[in-house]
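Contents: one structure, followed by commentary.
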Amino acid sequence: MILDLARLLLFPALMAFAAASDLFTMTISNRVSLLLVAGFFILAGLGGMPLHDIGLHVAAGLAVLVVTFACFAFGWMGGGDAKVAAATALWLGFAPLLNYFLYASVFGGALTLLVLEFRRWPLPYPLGAQQWLLRLHSRDSGIPYGIALAMGALMVYPDTDWVKAVDLARFIAP
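Below, the structure written as structure tokens:
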């Protein structure tokens with residue numbers, strides 16, 4: 162039961178934290194990515210995931226890390242976003258990666274348009290004391306893309322083996 166709760170809640174909670182952190186600070190702590198990686202290996206071990214499957218998940222994470230690190234090097238994405246995307250790929254494996262990146266791209270495009278529109282308008286005076294809003298409103302700051310990455314991950318997570326392995330009927334009151 163505890164293992165099932167961890168499968169259902171750990172990944173979504175860490176993704177929500179990454180999104181909130183990116184929104185409020187424009188950074189995603191390395192701790193979030195490290196917790197995602199550690200959580201994957203702990204739950205994979207406790208859940209009896211075969212070594213072959215763990216290897217495929219690791220390969221997916223490394224492949225995404227290589228691509229996102231290149232994107233970071235070119236200045237196209239933040240370092241925290243790159244690490245979170247790779248840690249997410251570790252959890253998801255190869256099968257849902259295309260859907261994950263499609264969702265993240267759509268959400269990221271919508272988020273970018275919303276933030277750019279938000280920056281066109283003056284910030285109302287009562288909101289000027291909120292440092293996170295000032296940072297988000299600044300044309301010199303980036304887009305908190307961790308929000309889109311988290312939303313994309315949360316869209317595909319219910320279709321992963323992590324959730325499918327849980328007997329959800331046990332959590333519903335009789």
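If you read the sequence shown in my numbering, its first letter stands for residue 162, the second for the next number, and so on. Here a beta-carbon is modelled for each residue, glycine too, at the ideal position from N, C-alpha and C.
Just tell me which of the options has its CA closest to the CA of residue i.
i      : options                        : result
Ala326 : Gly313, Ser190, Gly209         : Gly209
Leu263 : Leu274, Gly216, Ala311         : Ala311
Val225 : Asp322, Ala246, His213         : Ala246
Tyr306 : Gly254, Cys232, Ile215         : Cys232
Trp293 : Phe185, Met316, Leu212, Leu275 : Phe185
Phe268 : Met316, Phe202, Leu204         : Met316
Phe202 : Val227, Pro287, Ala167         : Ala167
Note down, in chain order, each residue of its chain lying with its Cβ closer than 6 angstroms to the Cβ of residue i, except the 5 sequence neighbours on either side.
i      : result
Asp165 : Val327
Thr188 : Gly241
Ser182 : Ile189
Lys121 : With the chain running from 162 to 335 in the structure shown, residue 121 is simply not present.
Gly200 : Leu171
Leaving out five residues before and five after residue i in sequence, what residues of the same chain have Cβ atoms less than 7 angstroms from its Cβ?
i      : result
Val198 : Ala248, Leu251
Asp320 : Pro257
Ile308 : Ala180, Asp183, Leu184, Leu272
Leu169 : Val324, Val327
Using a Cβ-Cβ cutoff of less than 8 angstroms, which residues in the same chain neighbour residue i once the five nearest sequence positions on both sides are dropped?
i      : result
Leu217 : Gly254, Phe255
Leu196 : Leu175
Can you tell me the Cβ-Cβ gap for residue i and residue j, rounded? I've got them flagged as a contact below 8 angstroms.
i      : j      : result
Ala314 : Met176 : 5 angstroms
Pro104 : Tyr318 : Lying outside 162 to 335, the shown extent of the chain, residue 104 is not represented and no answer is given.
So is residue i buried or exposed if we call it buried at 16+ other beta carbons inside 10 Å?
i      : result
Arg192 : exposed
Ala179 : buried
Leu275 : exposed
Asp214 : exposed
Gly206 : exposed
Gly270 : exposed
Could you tell me whether the segment 275-283 touches the segment 236-243, where touching means 3 or more Cβ pairs closer than 8 angstroms?
-> no
Would you call the segment 249-267 and the segment 288-305 touching, i.e. three or more CB-CB distances under 8 angstroms?
-> no
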